[in-house]
Each structure stands twice: as structure tokens, then as C-alpha cells.
Amino acid sequence: MKKNTEGDQLPRKRLLYKLLIFMKIFFLLLSVACLHASAHVHSQSLVTVKLSQVKLEKALAVIEKESGYRFVYNDDCIPFNHKVNIDASDWTIAKVMEKALENTSLNFRMMPDKLIVIAPVTTVNKDITVTGRVVNTNREALPGVSVRLKNTSIGATTDEKGMFSLTVPNDAILLFSYIGYDMQEVSVSGRETIAVVLEPSKNSMEEVIIVGYGTQKKINVTGAVDQISGKQLVERPIANVMQGLQGVSPGLNITYKGGQPGQTPIINVRGFASINQSNGSTTPISQASDNSNAPLIIIDGIAATTDDMIRINPNDIASISVLRDAASAAIYGARAAFGVVLITTKEGSAGGKQVVSYSNYFAWSKRTILPTAVTDPYIFSRVLETATDNTPWDYVNFSDEYYKWAKERSDNPSLPDTRINPLDNTKWEYMGSNDWNNYFFSKTNFSQYHSISINGTAETAKKLPIGYLLSADYTNENGLNRLTTDDWKRYGMRAKLNIRPVKWLLLDNNLSVYQTQRDAPAYNITDVYYLQPTNVVKNPDGTWGNNAAGKLAAQLVDGGRNLQTRIGFQDVIRGTASFLHNELQIVGDASFKRELWKYHVDKKAYQIGYGPNDVREEGAPGSVSEANEYVTHNVYDLYANYNKSLGGGHAIKLLAGYNQESYEDPYVNATQTQLISASLPYIGLTSGDPSISSSYSSYAIRSLFGRINYSYKDRYIIEGNGRYDGSSRFPTNNRWGFFPSISGAWIASDERFMQGISRQLSTLKFRASYGSLGNQNVSYFGYLQTLPTGQSGYLINGTPKQPIIKGAPALNVDPNNYTWEKVITTNIGTDIGVMRDHLIASFDYYIRKTNGMLTNGVQLPGVLGTDPPKQNAADLSTKGWELTLAYRNTAQVAAAPLSFGAKFILSDDKTKITRFKNEQQLLNNYRVGQTLGEIWGLTNDGNFKSQEEIKNLDESAIIPWGALEIVEGWPKYKDLNGDRKIEKGVTAKDPKDMSVIGNSSPRYRFGFNFDANWKGIDCSIFLQGIAKMDFYPHHYLFWGPYQQPYANVYPWNLDYYRATSEDAAQRAQHSQSFLNAGLADANTNAYFPVLQSWLADNNYGSGLDIPQTKYMMNAAYLRVKNVTLGYTLPASLTKKYRISRLRIYVTGENLFEFSSIRKYLDPESITDGFGWEYPYQRKYAVGLNVDL
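Using UniProt numbering, the first residue of the sequence shown is number 1, and each one after it goes up by one.
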């Protein structure tokens, strides 16, 4: 029979347990007795104080000075103006205090360390024992946390489970502090149980960083990783996460192409990474025009898209990690070639009571910078006619009667701007003087955001925690359209639950439901940039004017709507099993995402008033377009983490896992014309010919991945990652690839020989990594040979719109030359902490090579009629660096702690093509040696000032098609190749008179943030910008009439070349405004050449449209991105209403910009080279954050 040894041990265990309990009680009683004796001894100190009719505030100060005691009290409870009389000679401190508080409702209590607590009689004697648990944001217990009664030395320290117990007054304020975490104040408010979650310090090396499939302390990270706290997002008036990430992390680049509500920006990590666009295009560009070079987005462990970042509630986010190098991102393999952005949402509280949080802001916005055109009708008309005089199409010739009216309106703007045409009394005639920016764009608009969450923890009968978080949010971001609805709305809900049915198993469910809706006119408001100031929107009879402005207004108001709605949900189910005392964790999760994307565009007829009693319908017959997409995205993960301490300072961490992902996106579009009723814009109420199109996209990924991490004394760390990926985007024989990485770190500051300077140099860490990743951001079925099909636009056998083949098929792809693009990154870095890590500096230098980019592998004759097959035939190399400087400290100011910090980031990168099939070195394509963003152009040499100069330099090769001849005042260029001709070269081998004169790639991106907090007052300022970038304008907004004669005229266009001054007779014809502008005077040193339309026409790449040094602009800028001022009300005030925290704030976003280009346009609006994007917005907001 087997002996039950466990039963024999029970009496011994019980005896030991009772002995321990006895010893605890004994030492507790002994401590209390000692404290009582200490207080008694202190109270016997003798004090001499003589005061007569002195305010209580001053009396307490005198007693403190004479007795050596310190007082603790709440300012709100003390009648400082109460008069005190004391005549004490060798009194005990207790007797002095009784006298001082005589005739008040106050009492006092003697505490250890010569402390005296003063409080109302009803509370001073009420002590309670507070117990609680302190954890970090990952719900891990924090041992050794200092828990202290504010303004005293009374305190305790948390045990290995993060637990503490402390006897304090029931209205006490406790301070929780721990190395590497922000100090936190918690009001007891009579509670006996408190749960505290400490946030990592923003620049602490002990901060816990979210990495791929796990967490690590920042000091132990071997790769290039940065983490952003969610707290940085919720205190700004941002409609989505992306707006809050611009400029806050080194190497994370976010570019908005305008201020349109709900817009998804372009995002990349460490700059341009591949020449391939998401559709497989290889059109030469200096910057990605879409998110094909975007990093992998991971939300709560599941792959997501950049659009998902728009739909997530900023208030749900706990932290965001940016993995910049291959070693950090390698664990994610195929999707992570260009970095990873990890978003972790908040969890339920780790213990204690339920917390209800509510946040909001109400914002008023206005446009930032828009060029304001000349509105004077006479100046505009004269300049416009002058601009066409030297062109083949000299069709702008206004009559004397027209100029007379223009002069009258210029001299007296109160005169009517519309009249019946003198030559045709059935038509309206217009002479406006309008600033269309002010008419079409609102001066202010209103937006709002609301978020509410409930989180907490319950317990099972076995004392196992159940954490929960429920949140909901609503955002309404209005656009700038003054005439009609133009907004973006988001509705979101999230429900998270984690439960331990047994101690070793944690089950999580994370459900999010969301809807976004973009409601805008069917026509584009940015057509406003084409409108001339002499247009008039409305006729005297109230009808829309018969001109471009009137028609645009009619289209925006009456011409139909463009509605885009996305509805979706995602459910992530995760189970975590822990074994071997939590050394082994096995995690399995499944994510199911479904989205319905609905598009509706209806275009309706609108009414235009041509003349009195002449109203005509335009935009007929109208149409309706409906489109649906249904996205299915499933992800399955199974992985295991094993962490083992081997003794002697050795430790290993192992990770192994499997990932599978599938994506489907069918799309159907139906369009039909002949809308029957404008009030019922439905496709079923149309009678015209239908047009139906569809598409189908899908991909699948399967992966095996692993990681091994070894450390010795947390001082020497080496880590290896590997991922074996298979993607459906490649042929079966080239579908799989293995992508490894290796990295290491040395924490030199932990070496014994460094201990002598540890106070000055608290952290010194060196990092290095090398790894490869695969890029699968290519077209879904690019390796398949397809036929270009479509519908005929004519009758075939009596039947319209038959399916037809529209061109030659693409050549067959060689499966042996079509596979992964490989991204290889080498990274070295260092982290330095001085002054006990109050100041931390991080620096990284990297070389990233993208090899085997898919492009046209061979050059074939144009007569072939189709494109050559794609091959892995191009390489590029990016070199760059990143710098972060962060400082955080606390100082005593007016007897209160002032917490403050600053962070500066700076990054730069440069990309070159190292392999590409372009033997001719054509400038309109990629070529070996090209630095991306290069601007080739001419070098200006003033203007022609005589016919002799014109004869000596032949510029006929670059005359725009709209010019008759070169005249005095025409731009003159340097003859770089000495052939007395100015020509535009087409190859880098023979560029003629072209050279590299600038670069459009942004260089030296930077951000600076400062924040401070004192006595509940908090403030922050955030600056962001680019230190170097060139921009050459190709748009109406700069060139005005130089581009085309129907463009606007801008104030800077008036500085044009004029050879001679006008005589008195000519001057007499002009308006006073024309004369005041100096337009009748000679101007031979002008900024612009002779006034000539089509000289800068961007359709043909000649004349001023050829980039040239004189008009190359410095697009560097510094933007005051955000300024916030907030105030958190004292807990003594809010607790009366059961509010644990109430913060109110005012804030501004995009407040101002410093840039030489801001004279013309917003420096961030140049991303497309034209600058006529939807206007950017400044925001001014008020908001509050409440915790109950």
C-alpha cells in the first residue's frame, strides 16, 4: 500500500502557518506600541509661542518654526483668516495646538516623524486600513512599489504579488511611485480596497514595450523599436489615430493629401521602400502616392489595414509600438517588409472597483492657408487680356464698354455685379469681385467627439479575476463646404472580456463593431480653384448664375450626393494556457472580420439662369451608381512562448508558432442613367442603359515562425527570428520563402567597470541587427496571363454593349523569375541614459536594401502592343538614421511637485536605385544611380532684354505650343553644354541643358513635444515639420494666367516683366486700383517673365513647366501642431459628486506654420505637385475627461 506522505505533513504545515500568523501579529502590535511611544515622546516637546490676533495661517507657520513639527491639512478645510491668541511658555505641542484650534471645527492628530494632521472634527479620528494591488498596463504585478501618504513619510511597499496594506485617514491621498513608471496620486475617499495601474514613464528604459507576439522591457530590446502611449492621443482634438501619430515617432512618416474629413493618409516607416504600387504599377514617382509601401498594421495581435486605423477609437488605445528594423519585424514575415505598427487596446482593470470614463471634445475648425486671388475686376480683366496677346488664341479681347463697367465696379464695389447684357437683353452679364474661398469654404465649422467606457474586474467564487471593458464612441467631423453637407461620421463599439475558468487558462474575447459614413456632394468642391473673380453665383432673380461659379454652386447644392458607408465587425477569440509556473504559455487565437462597403453616387439635373425668364436644365439626364464590396478576412494563430531562467544569470526565451490568413473582396458596381425623379435617386427609378462591372480579389498566407532569445545577467542579449512564408500572390514553385534575422544588445552600463560613473551615465546600451523580409505587396494575380476585356460602346449585331477583348494580352510570366521582393536591413543603434535616466538619447543608423522588385524585366518594341512580363529585375537601397532625445524630471515649485518633460525626434533617409533595366538612362523612368525625388531642370539666367540676346541663344525647342515667339522679358537659361541652344534632355547620359536642381523627397523630419503638470494644471506643446524639401509648382494656384488664360490671377503674378511705362492717355483709361498696383509702370526686374498664357502649361512640359532654379521653392516647414492647456479639479471637490477625476481642457491643432512657401499655399498640400487639395484645417477645441 502506498503511504500518504502528504497527510503526515499537514499538521506540520498548519503549525508553521499558525506560527507565522502569530509572529505577524506580534510584530504588528510591537510596531503600534513603538509608534504610540514615539508620538507620545514627541508630544512632550515644550514650545514657547506668543501670538495676539494673528491669522491662523500665520500662527501655524510660527508653530511649525518654533516646534519643528510639520502640518498636513487640506486647504479647503482650514479657516486661514480666523484670528488666534496664544500666550504659551514651555507648553507641550499638544496644548499649543488645542489653543490654536480653539473655536474652530478643527481637530488634530499626532503622527510619527513630527507630523500633525489637521482636519475637521468629523474626519480627523477616522482611520481606515486600505489594501490594494499595483500592476502595470499589462496586468502584471509590480513588487517594490512605494506607497506613501502624501506629504508624510508614512508608507508601505508592495509585495511580490503587488499587494499592499496601509492604515491612513479616510480622506488621505496616497502616492504610488516606482522606478520606470509615472508617479500616481490616488484619493482614498473612504475606500478600503484600491486597484492601481501604473503607466510606464515616457522615456524610461524600464518601460515595457509591446513587440511581436509578446512584451519586453525597453532595456532588453535588441531592435529598433519605439512605443507611444495612448495618453498622447486622447488629449488632442483628433478624429482618428493617424492624425495623432504624425511627427511623434522617429521614422514613422504620415502624410495627409488634404484636409478632407475621414481621409486615410499615406503612411510609411523609414521612407520609400519599393517602386511597386499596390496595383503593380512602376510609374516613376518621388514619393509613394498610395499605401503600397505602408507598414503592417497589427491591432491586438491581428493583421489589419491602414483604413482600420481610421476606424478605431483613439480612446480605446493603450499603446502603439513601431517596429522599424528587420530584426523587430521579422517575426511577422511577408506582411512586414516595410515595418510594423502594433496597436494594443486597453484591457479591463486589474482589480478593484468598476471605472466609468467619459471623454469628449467640441471643435471649431477653419481652413489653414489658401491662396487668395485678385478680386478687383478691372485688374483681373486687364491682366487676363494681356496674357493672351502673344498667343495664337488671342480670344480675350474685352470691349471698351466692358472695361468701363469693370472700372466703375473697381472704383465703387457697391454697384450691382449683375446686369442685363446691353447687346442681348435676354442674357445676364456679370462683373463680380468675389473671393471664392470665402464663399464656398466656411470660415468655421463644428465637429465633435464622444467616448464612454466601462471597465473593471469581478471575481469568480474561487477568487479568479474576470476583466471587462465596454466602450462606445461617436465622431462627427465636418468639412469646410459652406453650401451643403460635407462630413464624416464614425460609430464604434468595443467589448472585451477576459476570464480564467481555471487558474492556468485565460480566455479573451475582443469584439469591435463599427460604421463610418462619408457624406459629400457628387461634384468636387476643389473646382473652386478654377473660378474667376468676375463670376457671380446668383442672378438677381435668385437663379444660379450662368458662369463657372454659378454652375459649381448648383452642382454642389442640387447636383446629387456621394455616400460611402462601411459597416463591419471583428471578433478575436484568444486562449492562453500557462504551464510550468508560467514559464510556458501556449496561445491560440482566431479572428473573424466582415465588412460591407457601400457606395452610392447620384448625379441630378440642376437649373441655371441664362437670363430673365430663361432658366435651363443642365446635368441631365442624371444617373445613379451603386456599388457593394463584401470583405471577408480570417486569421488563425497558434504559438507558444517559453521563458526559462537557467541560473547563474542565464536565461532563454523561445517562441514558435503557426499563422494562417485568408482574404476575399468581391466587388460589384451597377450604373444606370436617365434618373426619373431627382427627389428619389435610386437605381430602380432610372430608365437608361445599365452598365455593370465587377471584380474579385483574394489572397492567402501560411507561415511558420520562431524566435530564440538568450540573455546573460540581462547584460548580453542575442536574439534570432525566422519566418517561413507562403503567399498565393506568387506562382506555386516560387510561393515559399524563408526570412531570418539576428540581433544583439550589450548593456554596457551594467558592467562592473562602469559602476563608478553610474550616477552620471545610468544607461549605456549598444544594439545591432541584420535580417531579411519578404515583400508581398504586389498585385494579387500578377503572375497569371489575362485578357483585357470590357463592353463595347457600339452596336454588335444589333445589340449594344457586348463583351469584347479590348487589347492584346500581357505576355506570359516566367514563374522562375516572379517571386518575393526581399528587403534586407542592417541596423546599428545605441541608447544612452544620463542623470539616472532623466535624459535619454537613442540613435539608429540603417541600410535597407530592397532586392528583386517586380518590374518590366526586358525592353521590347512599342509596336508589340502590350507590356513585357514582370520579373524580379530591380533593386534599391535606402540609408538613413534616427535620433531621439527625451528628458523627464520633477521639481518642487511652491511646495508642490512640478512634473515636466520634453522629447525631440529627428530622422532622415535617402534612397537610390541600384538595379533597373533602363540602359538608355531615360529621365522619365527609373535608372541606376538615381536618387529618388530628383528634380531635373534648367538653370535661370534672368530674362531676355534685347533682340540681340534672343538671336544669340536659341530657345525655340522649349517654346510652349501656345506661344507665337520669344520676346523681350522671356526667361533666359544657361547654356550648360555650350551649343548656343537651350534644350530639354531626355536621358541622364545626354541631359542637354538639364541638371539636378532639387529633390522633392522630405529630409530631416522632426518633432518636438513639451509637457508639464503642476497642481492639477497641465500643458503641452507639440511642434512638427520637415527641415529640407524642394518643390516645383505645376499648378494654377501659383502660375495663374501663365498656365492658361482661364486661370485666376494672384497677387504675386502682378510682379511681371513690363518693358516700358504707359503714357498719360493710357493711364487715364485705367482704374485707380490698377495704377496703385503699379501695373502701368515699367518693371524690368520682375519676379515673373513677360506675361504670356500657356508659358507654364503643364500639359506639354515646356516653358515654365520645365523645372528651373528661379522658381524652385523651399518647402521646409515648422508647424505648431498642437497646444493644450488642461486643469484637473481637486479630488476634495470632485469626490463630493462621486467623481474620481475631472479634467477640462482647451486645445488647438495646426495652429500656425513657419515656411517660406506659406505665402502661396499650405506646406503640407504639395504632396501631389499641384497643391489644389481639399484645404487643411485648424482646430480649436474644448473638452473634458471624466472618471467615475
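For each residue, glycine too, the CB sits at the ideal point set by N, CA and C. All figures in this text were calculated on a predicted structure; none of them were measured in a lab.
Taking the alpha-carbon of SER471 as reference, which of GLY492, ASP486, ALA461 and ARG335 has the nearest alpha-carbon?
GLY492
Can you give me the C-alpha to C-alpha distance between residue 1190 and TYR1127, rounded to a whole angstrom?
The question about residue 1190 has no answer here: the residues shown for the chain are numbered 1 through 1188.
Is the distance from the Cβ of LEU932 to the Cβ of THR914 below 7 Å?
no
Can you check whether the CB of SER1132 is closer than 7 Å to the CB of ASN74?
yes
Inside the region 99-151 only - alpha helix (DSSP H) runs reaching at least 4 residues:
121-124
LEU1151 versus TYR1137, ASN1122 and ASP1063, residue with shortest Cα-Cα distance:
ASN1122
With respect to the beta strand (DSSP E) encompassing LYS489, which residues constitute its N-terminal and C-terminal limits?
487-502
Helix, strand or coil for PRO521, going by three-state DSSP, please let me know.
strand
Using C-beta distances below 7 Å, list every residue in its chain close to HIS36, excluding the 5 sequence neighbours before and after it, in chain order.
A caution first: HIS36 carries a pLDDT of 38, below 50, which makes its placement in the model unreliable, though a value can still be read off. Around HIS36: no qualifying Cβ.
Please state whether DSSP places LEU1075 in a helix, a strand or coil.
helix
What ranges does the beta strand (DSSP E) occupy inside the region 909-949, keeping only unbroken runs of at least 3 residues that lie completely in it?
934-937 and 940-943
Mind reading off the beta-carbon distance from ALA1115 to ILE1144? Whole number of angstroms is fine, and I expect it under 8 Å.
ALA1115 to ILE1144, Cβ: 38 Å. No contact.
Could you tell me the distance, in whole angstroms, from the CA atom of ASN1013 to the CA atom of THR1124?
12 Å
Backbone CA spacing between THR763 and TYR599 [nearest angstrom]
55 Å
Roughly how many angstroms separate the alpha carbons of ALA886 and GLY647, rounded to a whole number?
35 Å
Kindly list the residues whose CB is nearer than 6 Å to the CB of GLN930, restricted to its own chain and excluding five residues on each side of it in sequence; keep chain order.
ILE913
So ILE832 packs on THR222, CB below 8 Å; how close in whole Å?
About 16 Å; that fails the 8 Å criterion.
Would you check if the distance between the CB atom of SER625 and the CB atom of THR671 is smaller than 7 Å?
yes
Where ILE567 and SER453 are concerned, what is the direct C-alpha to C-alpha distance, given to the nearest angstrom?
21 Å
Check whether residue 1201 and VAL986 have beta carbons under 7 Å apart:
As displayed, the chain neither begins before 1 nor continues past 1188, which places residue 1201 out of reach and without an answer.
Starting from GLU983, follow its DSSP beta bridges and name the residues at the other end.
Answer by DSSP bridge pairing: none, since GLU983 is not bridged.
Given PRO1175, which residues of its chain have a CB within under 7 Å of its CB, disregarding the five upstream and five downstream residues?
GLY259, ARG367, THR368, LEU370, PHE441 and LEU480
Hey, how far is the Cα of ALA1027 from the Cα of PHE904?
14 Å
Check whether the region 531-548 and the region 605-613 touch, using three or more Cβ-Cβ pairs below 8 Å as the test.
yes
Close beta carbons around MET431, own chain, < 7 Å, minus the five adjacent residues each side
PRO377, TRP405, ALA406, ARG409, ASP417 and THR534
Inter-residue CB distance, MET264 and ILE310 (contact presumed, cutoff 8 Å):
The sequence as given places Thr at residue 264; Met does not occur at that position. Yes, they are in contact, since the Cβ atoms of THR264 and ILE310 sit about 6 Å apart, within 8 Å.
Can you find the residues in the same chain that come closer than 6 Å, C-beta to C-beta, to ASN1083, ignoring five residues on each side of it along the sequence?
ARG1058
Counting along the chain, where does the alpha helix (DSSP H) carrying GLN227 start and finish?
Element bounds for GLN227: not the alpha helix (DSSP H) but the beta strand (DSSP E), 225-229.
If you draw a straight line from the alpha carbon of ARG888 to that of SER899, how long is it in whole angstroms?
8 Å
Residue environment, TRP393, which counts as buried when at least 16 other CB atoms sit within 10 Å:
exposed
Output the distance between the C-alpha atoms of ALA224 and PRO169, rounded to the nearest integer angstrom.
47 Å
Have a look at GLY348, SER381 and ALA303 and flag the residue whose alpha-carbon is nearest the alpha-carbon of ALA336.
ALA303
Relative to the alpha-carbon of GLN892, which residue among ASN733, GLU401 and LYS1015 has its alpha-carbon at the smallest distance?
LYS1015
Sort LYS161, THR131, GLU160 and ALA141 by Cα distance to ARG148 and report the nearest one.
THR131
Only counting runs of 4 or more residues, tell me where the alpha helix (DSSP H) segments fall wholly within the region 395-458, in order along the chain.
400-411 and 436-440
Three-state secondary structure (DSSP) of LEU964
coil
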